[in-house]
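In my numbering, the protein residues as written are 52 to 224.
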């Protein structure tokens, strides 16, 4: 039986999972790049393009806790600066363009804390970017729509519920 690119991705991640270390990050990144290059003709991916769900869980690992999600975003959708708590994430557009700006939280001598932008990068289909625990970033969909894979080390809903995931209202805190 022929395995889909999604099945191959899941199998390979499970075989190579080691948690947060350089080997896992680089291997997962390489595998997600390959997945992002999947033809939209594969039935599971064709369905995502046709239905354009805001978010769909493609896989959740009951042993290790990592997740693979697909997100579809309309042009201009902006997600304010945030981190993912103790979790880490990989973003990989499969279709479209995603602008991501990274930030560092800085407290000045006068006690005022701000987010300082490091600059924006544009990710296109087949590229992948890694965000480690506490990396602050925002996202904006630049294309007519975006299909992106988001591979997470854990359940970010739990990170948010337990107060570890921070969402910033603006760059001035």
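Glycine included, every Cβ here is placed at the ideal spot set by N, Cα and C.
Cβ shell of residue 182 (< 7 Å), same chain only, five flanking positions each side left out: 135, 139, 140, 188
Best match in 219, 178, 122 for proximity to residue 196 [C-alpha to C-alpha]: With distances taken between Cα atoms, residue 196 lies closest to 122.
Cβ neighbour criterion (16 or more within 10 Å) applied to residue 53: exposed
Euclidean distance between Cα positions of residue 125 and residue 193: Their Cα atoms are separated by approximately 9 Å.
Neighbour-count burial assignment, residue 58, 16 or more Cβ in a 10 Å radius: exposed
Under the three-state DSSP convention, the category residue 199 falls into: Residue 199: strand per DSSP, three-state reduction.
For residue 111, the residue or residues it bridges with in DSSP: DSSP lists 118 as partners of residue 111.
Whole-number beta carbon distance between residue 207 and residue 131, since they are thought to touch under 8 Å: 15 Å between Cβ atoms; not a contact.
Sub-7 Å separation of residue 137 and residue 120 beta-carbons: no
DSSP state of residue 72 mapped onto helix, strand, coil: coil
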